[in-house]
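Each residue of the sequence shown is one higher than the one before, counting from 471 in our numbering.
Here a beta-carbon is modelled for each residue, glycine too, at the ideal position from N, C-alpha and C.
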Amino acid sequence: MTAGYEYYYVNDNAQPNGEHEVHKSDCARLALVNSKTYVGYYDNCKDAVREAKNNHYANSDGCYYCCRACHTR
Ligand SMILES: [Zn+2]
Numbered sequence: 471m472t473a474g475y476e477y478y479y480v481n482d483n484a485q486p487n488g489e490h491e492v493h494k495s496d497c498a499r500l501a502l503v504n505s506k507t508y509v510g511y512y513d514n515c516k517d518a519v520r521e522a523k524n525n526h527y528a529n530s531d532g533c534y535y536c537c538r539a540c541h542t543r
């Protein structure tokens, strides 16, 4: 495993504002998610969010806690 790479998941259930949060596999918030979809294995959250938007949920955004650099809303 290359340093910096993480497994990313997107929450299948939208937030009240309609967005689907993207998490790293070890995020404490992800443990609370009932249903999630595997996004991919990336060394940065921007690629993960882009993939989530392209292939899963157009309204995806990085988690405030584990993907703060990609949290825009
Ligand atoms: Zn998270």
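> Taking 7 Å as the cut-off, does the CB of residue 433 come closer than this to any heavy atom belonging to ligand 1?
Replying inline: The structure shown does not extend to residue 433, since the chain is modelled only from 471 through 543, so no value can be given for it.
>> Taking the alpha carbon of residue 484 as the reference point, which residue from 476, 475, 503 and 496 has its own alpha carbon closest?
In response: 503
> What three-state label does DSSP hand residue 482 in the structure shown?
Replying inline: If DSSP states are grouped into helix, strand and coil, residue 482 belongs with coil.
> Looking only at C-alpha atoms, which of 539, 534, 496 and 542 sits nearest to residue 479?
Replying inline: A check of alpha carbon separations from residue 479 across 539, 534, 496 and 542 identifies 496 as the nearest.
>> Could you pull the DSSP bridge partners for residue 507 from this structure?
In response: 480
> Measuring CB to CB, does residue 475 end up less than 8 Å from residue 508?
Replying inline: no
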